[in-house]
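Notes follow the structure.
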Amino acid sequence: MDAPITRTLEPINTGTSVVGITYKDGVLIASDTLVSYGSLSRFRSIQRLVSIGPCLIGASGDYSDFQHITDLLTQKVDEASFHQDGFQYTAPELFEYLCRVMYERRSKVNPYWNRVVMAGSKQGKPFLGCVDLYGTHYASPTVATGYGEQLAQPILRKEWHPDMSLEEAHALLEKCMRVLLYRDCYTINKVQFARIGLDGQTTIEPPAPLTGTRWEAPLTITLP
Amino acid sequence: MVGANGESRYAPAPPKPSDPDGFCFHSPHPEVFSGQARHHHRHSHQNMASLKLQPADQKVLPKAKKTGTTICGLICHREGCVVLGADTRATSEAIIADKNCSKIHYLAPNIYCCGAGTAADTEHVTQLISSNLKLLRLNSGRQSRVDVACVLLKRHLFPYQGYVSAALVLGGVDFTGPHIYQVWPHGSTDSLDYVTMGSGSMAAMSMFESRYSHDLTLDQCKDLVHDAVLAGIFNDEGSGSNVDITIIERNKPAQILRNMDTPNTRLHPMRFQMPLKNTVVLREFIELHEAAPVAPAAVPAPAKKAEDEERAAMPLE
Amino acid sequence: MLTPAVAPIEAKKKEWSPYTDNGGTTLAIAGPDYAIVAADTRLSNGYSISCRDVTKLAQLTQHCVIGTAGMQADRAVFHKLLRTRVDYFKYKYGKTITPTALAQMIANILYGHRFFPYYCFNVVGGLDAQGHGVVFSYDAVGSYQALPYATTGSGAQLLEPLLDSHIAQRNRTQKNPPMSKDEAIAFVKNAMASVSERDIHTGDFLEIAVITREGTQIITREADGVERIKLGFD
Chain A
1 MDAPITRTLE
11 PINTGTSVVG
21 ITYKDGVLIA
31 SDTLVSYGSL
41 SRFRSIQRLV
51 SIGPCLIGAS
61 GDYSDFQHIT
71 DLLTQKVDEA
81 SFHQDGFQYT
91 APELFEYLCR
101 VMYERRSKVN
111 PYWNRVVMAG
121 SKQGKPFLGC
131 VDLYGTHYAS
141 PTVATGYGEQ
151 LAQPILRKEW
161 HPDMSLEEAH
171 ALLEKCMRVL
181 LYRDCYTINK
191 VQFARIGLDG
201 QTTIEPPAPL
211 TGTRWEAPLT
221 ITLP
Chain B
1 MVGANGESRY
11 APAPPKPSDP
21 DGFCFHSPHP
31 EVFSGQARHH
41 HRHSHQNMAS
51 LKLQPADQKV
61 LPKAKKTGTT
71 ICGLICHREG
81 CVVLGADTRA
91 TSEAIIADKN
101 CSKIHYLAPN
111 IYCCGAGTAA
121 DTEHVTQLIS
131 SNLKLLRLNS
141 GRQSRVDVAC
151 VLLKRHLFPY
161 QGYVSAALVL
171 GGVDFTGPHI
181 YQVWPHGSTD
191 SLDYVTMGSG
201 SMAAMSMFES
211 RYSHDLTLDQ
221 CKDLVHDAVL
231 AGIFNDEGSG
241 SNVDITIIER
251 NKPAQILRNM
261 DTPNTRLHPM
271 RFQMPLKNTV
281 VLREFIELHE
291 AAPVAPAAVP
301 APAKKAEDEE
311 RAAMPLE
Chain C
1 MLTPAVAPIE
11 AKKKEWSPYT
21 DNGGTTLAIA
31 GPDYAIVAAD
41 TRLSNGYSIS
51 CRDVTKLAQL
61 TQHCVIGTAG
71 MQADRAVFHK
81 LLRTRVDYFK
91 YKYGKTITPT
101 ALAQMIANIL
111 YGHRFFPYYC
121 FNVVGGLDAQ
131 GHGVVFSYDA
141 VGSYQALPYA
151 TTGSGAQLLE
161 PLLDSHIAQR
171 NRTQKNPPMS
181 KDEAIAFVKN
191 AMASVSERDI
201 HTGDFLEIAV
211 ITREGTQIIT
221 READGVERIK
231 LGFD
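Chains as they are written, first to last, in full-length UniProt numbering: chain A, 1 to 224; chain B, 1 to 317; chain C, 1 to 234.
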């Protein structure tokens with residue numbers, strides 16, 4: 001007897017928020033390195049930011065789906081390079097492809113259970129896009145997935161400006177990651193930053209704990 | 001065509017129980033609930049059981065005005081005071097029911113309370129507790145304490161098991177110092193330095209978590225609460241319009257800064273010229289009635305001057 | 001033997017809906033020698049604003065614009081499909097499709113997806129052969145109608161009576177002449193700002209497509225050419 005068709009009805013191994021902003025010379029994104037299994041901190045040192053051809057991607061949601069998406073995009077980039085004609089996909093082109101892939105799967109009612117952030121450049125300007133499991137997509141200078149949409153996006157929208165230096169951008173994302181560390185249960189203090197310059201140069205920083213976190217108890221502890 | 005928004009054509013809404021009385025257990029027409037209850041007019045507990053076992057999304061309740069809200073409060077330890085903040089949007093599902101409602105409620109001269117949840121619940125719970133605090137003051141002749149307000153609130157809310165949907169930020173200063181409490185609809189409470197509630201609570205908390213410290217001045221605290229409410233207003237669709245702030249300092253009247261910031265003024269206003277008598281009148285008639293006999297003028301009641309004076313002499317108001 | 005008074009309710013099967021509503025409001029007006037299609041640019045996700053600047057309009061031909069509220073992912077695909085169909089029409093018949101023909105084509109495409117519909121609520125504006133404005137309004141499965149004005153989306157219920165009063169001038173003894181193009185643009189700004197005052201999913205910026213004999217102009221900025229046309233940000 002044939003096995004029944006199975007679908008992702010809920011994500012299993014999940015990653016939490018990814019946050020990203022554009023800055024003067026490129027795009028900076030950040031995430032922690034935790035992959036949870038339900039409420040278990042299952043894998044504590046997984047790199048969730050990946051460099052593929054002209055872009056950087058990161059995702060919240062199901063980690064196996066994300067690995068598969070990474071493979072799909074890598075295939076696409078490799079296919080183009082095999083022709084050796086100098087053609088390369090740009091980040092917006094790859095983003096469009098990713099959006100179609102996400103939408104195709106939602107239309108089969110078998111979605112990739114992710115919200116994917118893609119960073120790169122578009123005609124000498126930073127490009128930062130986001131697509132979710134429905135295929136909903138948009139490009140925006142500030143992007144946050146998962147709890148980041150609730151907790152980081154207000155900070156990013158308030159403090160972001162187009163000509164931020166890398167240091168300013170780094171400090172801003174660190175601030176967001178600290179807030180997420182305080183308030184998102186599925187976060188650990190091992191955070192990774194990655195950036196892509198306007199020249200396509202990617203730098204993935206090694207994971208490190210956040211500095212400057214504060215854990216003072218409230219001064220007033222009153223009963224009841 | 002089924003209207004421009006014809007969702008119903010391909011995704012019919014789940015059948016709704018035909019019960020017009022919604023959640024009323026003791027309906028004068030018990031047959032609307034259950035065929036079994038038709039012939040005896042005692043209170044049938046079966047009805048209660050079947051209602052309780054209905055999935056939550058099928059219970060028919062009247063639509064209530066909600067304050068999909070950003071409310072928040074913090075303690076300024078440096079100056080021993082409390083700052084409360086709220087937006088002013090009240091919603092009924094996706095429609096904005098009130099663009100400038102007031103969500104910071106009076107409990108006592110030294111205690112105020114922000115409310116999120118069902119507007120009626122937050123308003124009535126705070127009025128009730130305000131009244132009980134006043135009675136306590138009249139009985140004891142002492143200033144109200146914030147922890148007493150907190151206990152009164154949770155004692156009221158807990159037995160209702162969350163059905164009184166009031167999520168509150170309680171703040172005040174009494175002789176023990178400044179206090180902020182977070183009060184949940186189920187009746188649990190937290191005493192913390194800074195708290196947020198409502199649909200915009202995460203947006204507001206992002207400001208608090210990134211900027212709060214124990215040694216902020218009152219002005220800095222006020223700015224922080226202002227920015228926390230603004231974060232809710234601009235990032236949460238359940239919150240909007242204006243910023244209300246109330247500052248409570250020790251031995252000072254509370255500063256009520258209603259609409260201290262109005263960042264969402266009307267855009268693209270337009271004057272519409274409507275000529276007089278522009279409405280189509282279908283029928284016009286005048287009915288004549290005999291004039292009613294004029295009632296004798298009522299004798300004004302003597303003013304309860306003594307009682308008023310006695311009240312004015314009460315301390316601590 | 002004891003039997004339970006009420007049968008236990010079966011656990012609901014887990015199901016994932018492939019639909020999501022990203023909110024937004026569209027508006028179209030047919031004038032004597034122009035047509036207007038307008039929409040806000042907010043992309044909502046539940047109570048969050050995902051993005052403040054996502055267009056709901058697509059210019060399909062020189063004299064035809066579509067505005068779509070509903071699910072953004074479906075809209076993107078639907079607009080893309082319409083553009084290819086418009087191109088294909090041109091290659092096949094050697095002329096641009098008229099707005100009236102395009103309106104029927106849109107209905108056919110929507111009805112073609114009758115049992116897995118596009119979650120799209122469209123208005124279409126254009127000019128007919130005589131140069132008069134025409135507007136069409138659709139539901140998600142392809143029921144459509146030509147109307148003097150139309151609105152769809154999360155703020156449609158708020159906008160409809162305003163249009164009844166000011167465009168159709170219902171229940172009035174003295175009717176004004178139809179609005180001029182500029183009056184209509186000013187009215188659209190005012191009406192959409194009114195919707196963004198009361199509908200939580202509508203706001204941020206306004207885009208107005210104005211279709212005249214000369215062609216289509218999509219207005220996204222105020223007269224100074226710098227400032228975007230703002231709606232409520234809250």
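The C-beta atom is built at its ideal place from N, Cα and C for all residues, glycine as well.
In the three-state reduction of the DSSP assignment, B:ALA90 falls in the strand class.
Each residue's CA atom was taken as its position, placing C:PHE115 and C:PHE121 some 16 Å apart. Straight-line spacing of the CA atoms in B:VAL173 and B:THR88 works out to 24 Å. Looking at A:ASP163, A:LEU94, A:LEU172, the one whose alpha-carbon comes closest to that of A:CYS55 is A:LEU94.
Judged by DSSP in its simplified three-state form, A:LYS24 adopts coil rather than helix or strand. For B:HIS105, the enclosing beta strand (DSSP E) begins and ends at 104-108. For B:PRO293, the closest Cβ of chain C is not nearer than 8 Å.
Residues of the stretch 171-190 of chain C whose Cβ lies closer than 8 Å to any Cβ of chain B, in chain order: ASN171, ARG172, THR173, GLN174, ALA186, PHE187, LYS189, ASN190.
Counting every other CB atom within 10 Å of its CB across the protein chains shown gives A:MET102 a total of 16 or more, marking it as buried. Taking C-beta atoms as the reference points, A:VAL27 and A:PRO126 count as a pair closer than 8 Å.
Restricting attention to beta strand (DSSP E) runs no shorter than 3 residues, the stretch 100-139 of chain A encloses them at 114-122, 125-131, 137-139, ordered along the chain.
Counting C-beta pairs closer than 8 Å gives fewer than three between the stretch 132-143 of chain B and the stretch 285-293 of chain B, which falls short of the contact rule. B:SER241 has its alpha-carbon roughly 43 Å from the corresponding atom of C:MET105. DSSP places B:ALA297 outside both helix and strand once states are collapsed to three, so it counts as coil. By the rule that beta-carbons nearer than 8 Å mark a contact, A:LYS190 does not touch chain B. In this structure, the beta-carbon distance from A:ALA217 to A:SER17 does not fall below 8 Å.
By a beta-carbon distance limit of 8 Å, B:GLY117 contacts B:PRO185. Their separation comes to about 6 Å.
The beta carbon of C:ILE208 sits no closer than 8 Å to any beta carbon of chain B. Only residues of its own chain outside the window of five on either side were considered, and among them TYR119, CYS120, PHE121 have a CB closer than 6 Å to the CB of C:GLY70, listed in chain order. For C:GLY112, no CB of chain B lies under 8 Å from its own CB, so it is not counted at the interface with that chain.
If you check the CB distance, C:LEU82 and C:LEU60 come in under 8 Å.
Taking C-beta atoms as the reference points, B:MET207 and B:ALA228 count as a pair closer than 8 Å.
When C-beta atoms of the stretch 209-229 of chain B are compared with those of the stretch 69-84 of chain B, three or more pairs fall below 8 Å, so the two segments count as touching. Linking A:PHE87 to A:VAL77 through their CA atoms gives a straight-line distance of about 10 Å.
Taking C-alpha positions only, A:TYR89 is separated from A:GLY120 by approximately 11 Å. At the C-beta level, B:VAL169 and B:ILE71 come within 8 Å of one another. B:SER201 counts as buried, since at least 16 other C-beta atoms from the protein chains shown sit within 10 angstroms of its C-beta. Judged by their CB atoms, A:LEU173 and A:ALA30 are nearer to each other than the 8 Å cut-off. Contacts with chain C (Cβ-Cβ distance below 8 Å) from the stretch 161-193 of chain A involve no residue at all.
Between C:LEU206 and C:ILE229, the C-beta gap is smaller than 8 Å, which places the two residues in contact. A residue is called buried when at least 16 other Cβ atoms come within 10 angstroms of its Cβ; B:SER130 meets this threshold and is buried. The three-state secondary structure of B:PRO178, taken from DSSP, is strand. In the displayed model, A:SER64 falls within a helix according to three-state DSSP. Using a Cβ-Cβ cut-off of 8 Å, B:GLU249 does not count as an interface residue toward chain C, since no Cβ of chain C sits closer than that to its own. By the 16-neighbour rule on beta-carbons within 10 angstroms, B:MET270 is exposed.
Ranking C:LEU162, C:SER154, C:VAL188, C:GLY125 by CA distance to the CA of C:THR25 puts C:SER154 first.
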